[in-house]
Amino acid sequence: MQKFYKDKRVFITGHTGFKGSWLCKILSEMGAEVTGYALEPSTEPNLFKLADIESNITSVIGDIRDYESLKKAFDKAQPEIVFHLAAQPLVRDSYENPAYTYETNVMGTVNILECIRQSKCVKSVVNVTTDKVYENKEWQWGYRENEPLDGFDPYSNSKSCSELVTATYKRSFFADSDVAISTARAGNVIGGGDFSANRIIPDCVRALQAGKNITVRNPHSTRPYQHVIEPLYAYLLIAMAQYEDASVADCYNVGPDDVDCVDTGRLVDLFVHLTGGRVKRVDRTEHNAPHEANFLKLDCSKLKSTLGWKPRWHVTDAVAKTVLWTLIWLDGGNVGKVMERQIKEFFEG
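Here's what the structure looks like:
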């Protein structure tokens, strides 16, 4: 894979975010020519600045809703490969500002696809959505790619719409072209450097930093947790495979095996254990909270059978890598070097 990406021109939307920063780091380590387009990082602190991601890429600060600004950056970069990650990614924020969520997640997708449609340089595109695109029936088995798309909340539904927009563009404008486009529906990711609000591992990190207990709202909610490198590797694999053979372009679930689909309480207990009990878990029932699914996991058979992908790190490994990054950050260490080591461990392990 490193040989394939060396010197490839890659365009990443949402590159200043948690996943985007990790993806930039991986691609720069592989020798790709990366251009990122995104808003300024949304949290302080943030991984993009802590790991000095900007030093090895071309970073353009702009709004995915601003088509003219996006197209200017896109045309200058002349990318061969595009990863679309830019989004308003939080369920709770989508209840507070649904219009902004839809503008960003739906029209942002339209805007990047318009840039691709009017270009002659792009060969491979991956639109990153979410496992929450499915109509959630709270059943015990994993959702497959042919299940109905109907996310419940504004965030999830906007991502369902992004999937539909992508499918329509593929049929209408790219059916007879050599541009290969896939969507990737990933489960919940964890890893060093996520400081988002209203996410359980960042909440754990903040509690550890402050020396306070970890408050858990929904300890019995089951999610497909995985280390952030897992889905990023899958996105890279999809983009590479369809670059070389456009027939594999499709929609793909990306998530851990069933053994690593754990409830929030178990995830927090792992964090507490791996930090040596420096913090404690406290469960709290939250009345009148926005709706969130209680049970959600994915069937990833398609990605495994088509591209030979499989998860590499179990949930315990994922939490351990996250805790290690966090402790080094809290101690003032070089988190960029930690990322480099973990990337090497993953790709060479």
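Just so you know, we're using the numbering used here here: the sequence shown kicks off at 210 and counts up by one.
For each residue, glycine too, the CB sits at the ideal point set by N, CA and C.
task = Grab the span of the alpha helix (DSSP H) containing residue 482 for me, first residue to last.
result = 473-483
request  = Determine the burial state of residue 463: buried for a count of at least 16 other Cβ atoms within 10 Å of its Cβ, exposed for fewer.
outcome  = buried
request  = In angstroms with no decimal places, state the Cα-to-Cα distance between residue 362 and residue 303.
outcome  = 7 Å
task = Indicate whether residue 217 and residue 289 have their beta-carbon atoms separated by less than 8 Å.
result = yes
inquiry  = Just to confirm my understanding: we take residue 378, look at its own chain, exclude 5 residues before and 5 after, and list those with CB closer than 6 Å. What are they?
reply    = 322
Exposure label - residue 525; buried when at least 16 CB within 10 Å = exposed
query = What separation, rounded to the nearest whole angstrom, lies between the Cα atoms of residue 513 and residue 432?
reply = 20 Å
ask   = Hey, how far is the Cα of residue 478 from the Cα of residue 353?
value = 30 Å
ask   = Does the distance from the CB of residue 387 to the CB of residue 455 come in under 8 Å?
value = yes
Extent of the continuous alpha helix (DSSP H) to which residue 307 belongs = 307-311
Distance, residue 423 Cα to residue 334 Cα = 39 Å
ask   = Could you give the distance in angstroms between the alpha-carbon of residue 418 and the alpha-carbon of residue 427?
value = 22 Å
query = Can you name, in chain order, every residue of its own chain whose Cβ lies under 7 Å from the Cβ of residue 342, other than the five neighbours on each side?
reply = 358, 360, 365, 368, 369, 372, 394
message = Assuming residue 545 is part of the alpha helix (DSSP H), what are its boundary residues?
response = 544-557
task = Starting from the Cα of residue 375, find the closest Cα among 551, 447, 325 and give me that residue.
result = 325
key: Three-state secondary structure assigned by DSSP to residue 424   = strand
Pick from 233, 486, 516, 311 that is closest to residue 447, judged by C-alpha positions = 516
key: residue 259 vs residue 271 beta-carbon contact at 8 Å   = no
ask   = From residue 381 to residue 459, what distance separates their C-alpha atoms?
value = 15 Å
inquiry  = Since residue 444 and residue 532 should fall inside the 8 Å C-beta cutoff, what is the C-beta to C-beta distance between them, to a whole number of angstroms?
reply    = Not really, about 25 Å apart at Cβ, beyond 8 Å.
key: Limits of the unbroken beta strand (DSSP E) element including residue 433   = 431-433
request  = Express the C-alpha separation of residue 550 and residue 244 in angstroms, rounding to a whole number.
outcome  = 23 Å
query = Relative to the C-alpha of residue 390, which residue among 234, 534, 293 is closest?
reply = 293
ask   = Exposed or buried, residue 350, counting other C-beta atoms within 10 Å across all chains shown (16 or more means buried)?
value = exposed
Separation of residue 330 from residue 214, as counted between CA atoms = 16 Å
query = So, helix, strand or coil for residue 509, using DSSP?
reply = coil
inquiry  = Do residue 238 and residue 537 have their beta-carbon atoms positioned less than 8 Å apart in this structure?
reply    = no
query = residue 559 to residue 226, Cα distance in whole Å?
reply = This structure does not reach residue 559, given that the chain is present from 210 up to 558, and the question cannot be answered.
Exposure of residue 539, with buried meaning 16 or more beta-carbon neighbours within 10 Å = exposed
Per DSSP, cross-strand counterpart(s) of residue 246 = 222, 269
task = Along the alpha helix (DSSP H) that carries residue 415, what are the first and last residues, could you check?
result = 409-419
key: Backbone CA spacing between residue 231 and residue 257 [nearest angstrom]   = 9 Å
message = Rounding to the nearest angstrom, what Cα-Cα distance links residue 299 and residue 273 in this structure?
response = 17 Å
key: Integer-rounded CB distance, given that residue 430 should sit under 8 Å from residue 472   = 6 Å
query = If you scan the stretch 338-414 from start to end, which runs of the beta strand (DSSP E) of 3 or more residues do you find wholly inside it?
reply = 389-395
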